[in-house]
Each structure stands twice: as structure tokens, then as C-alpha cells.
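> The structure is given below, and queries will be raised subsequently.
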Amino acid sequence: PLKANEWLCITSTEDQIIQCQPTAIQPKPTAIVAFINTSTEEFTIPAQEPIGSASIVELQPWTTNAKIEPYIPPEADWEAQLPTFPQDFMKDLDLSQADLTKQQKHTLKQIIFQNKDAFLNEDRNIGLFTGPIQHAIPLRTDMDMPKSRIYKIPLGKQEEVERQIEEMLEQDIIEPSTALFNSP
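Count along the sequence shown starting at 1, add 4, and that's the number in the working numbering.
Here it is as C-alpha cells:
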């Protein structure tokens with residue numbers, strides 16, 4: 005019996021019309037190996053005709069410590085424009101284009117600072133709006149429920165999506181839904 009890291013390497017005999025590329029397969033009762041007819045004629049392989057050979061090869065497990073980051077073009081890298089935390093959000097407040105006097109700008113900065121809990125700031129929690137405005141979406145009952153296709157998340161992004169969902173759940177930005185329909 006072969007060891008777990010031992011495979012069979014199938015190679016074709018050089019002078020045969022039927023050829024295959026060297027192929028490594030796991031030793032199982034059956035295996036699929038692609039052979040090519042190198043002639044223009046139809047060819048039948050007689051039973052028990054040797055058309056290649058098999059040898060045992062030991063495969064080394066492939067490992068890497070390098071983290072391979074996908075290339076993201078600069079114009080698509082919106083994450084690079086996000087603020088890093090912890091950071092004083094007042095440093096990013098630019099009132100240079102505001103049509104306000106110096107005193108009005110100073111007063112506005114004071115108001116914003118006094119109400120900094122309403123904004124995303126250095127604790128990375130989203131602002132806590134407690135005003136009277138609420139949002140509701142009235143649904144029509146005389147129509148079919150919308151059907152949205154299922155969106156697949158690329159394997160490399162699944163961990164980040166899960167992290168962001170957990171973060172938004174913790175900050176009460178989103179909540180679990182039992183709705184009969186969804187939207188992207």
C-alpha cells in the first residue's frame with residue numbers, strides 16, 4: 005500500500021500513437037487519465053496493451069508563509085482613503101470652502117466637538133443620532149415580493165465580510181432579518 009503523500013505518476017511510452025502528459029494521480033481503484041491520439045487515423049487500443057508506465061512519486065506538502073495580496077488599482081482602492089483609527093476626527097474637518105466668518109467657523113467647530121458622539125470618531129463607533137427623524141419604507145401588499153438573486157462572495161473576501169457584519173451588528177447599524185425577501 006502507498007503512503008498518504010505518495011501518488012502515481014503516469015507517463016506514456018514515447019513511440020506510441022497514443023500519448024499523455026505526465027500526470028500525478030491519487031492511487032485509487034479507478035482514475036481518469038487523458039490520452040491524445042497523435043495521428044489523424046482512428047485508433048483502438050487493444051486490451052492489455054501497455055501504453056504507458058506508472059511510477060510512485062512522493063509529493064511534498066506545499067506551504068508558504070507569504071501572504072499574497074491581490075493587486076488593487078489605485079483608482080479602485082477606496083479603503084486607502086478611509087481614516088485610520090484612533091484619530092482625532094476634528095483634524096479632518098475642513099471648513100476652508102465654507103462661506104462663514106472666522107467666528108462662525110470657530111462656533112461651528114465648537115458645536116461639532118460638543119456633539120462628537122453623533123459622528124464616527126476615534127472610538128470607531130458610529131455616531132449615535134437620537135433626533136426625531138425616523139425612516140420607514142411602506143411596502144405594497146398588492147404586488148409580488150421582489151426576488152433578488154443570491155450574490156456569491158469571493159472566497160478571499162468572506163472573512164472580511166464576516167468581520168464587517170459582526171462589527172455592524174455590535175454597533176446596531178444592522179440587525180438580523182427574517183424578511184421573506186432581500187436586497188443586495
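Each residue gets a CB set at the ideal place from its N, CA and C atoms; glycine is no exception.
Starting from the Cα of D96, find the closest Cα among K106, F117 and P78 and give me that residue.
With distances taken between Cα atoms, D96 lies closest to F117.
> Since L12 is in the beta strand (DSSP E), which residue starts that stretch and which ends it?
From DSSP, the beta strand (DSSP E) with L12 extends over E10 to S16.
> Would you check if the distance between the CB atom of T44 and the CB atom of Q23 is smaller than 8 Å?
Not a contact, by the Cβ cut-off of 8 Å.
> Around the Cβ of S100, are there at least 16 other Cβ atoms within 10 angstroms (buried) or fewer (exposed)?
The residue is exposed, with fewer than 16 neighbouring Cβ atoms inside 10 Å.
> For S57 and C13, I'd like the C-alpha separation in whole angstroms.
So the alpha carbons of these two residues sit roughly 8 Å apart.
> If you follow the alpha helix (DSSP H) that I115 is in, where does it begin and where does it stop?
Residues K106 to Q118.
> Is it right to say S152 is buried, meaning 16 or more other beta carbons lie within 10 angstroms of its own, or is it exposed?
Flag for S152 reads exposed.
> In this structure, how does DSSP classify A102 when only helix, strand and coil are distinguished?
A102 falls in the coil class under three-state DSSP.
> Would you kindly work out how many angstroms separate the C-alpha atoms of E163 and Y155, rounded to a whole number?
Going by the C-alpha atoms only, they are around 16 Å apart.
> Using a Cβ-Cβ cutoff of less than 8 Å, which residues in the same chain neighbour P180 once the five nearest sequence positions on both sides are dropped?
If we look at P180 and ignore the five residues flanking it on each side, its Cβ neighbours are L173.
> Does DSSP put V165 in a helix, a strand or coil?
The answer is helix: DSSP assigns V165 an H, G or I state.
> I'd like to check one pair, M94 with K109: are the Cβ atoms closer than 8 Å?
The answer is no: Cβ separation not under 8 Å.
> I60 and T17 look like a contact to me (Cβ under 8 Å); what is the Cβ gap, rounded to whole Å?
About 18 Å separates the two Cβ atoms, so there is no contact after all.
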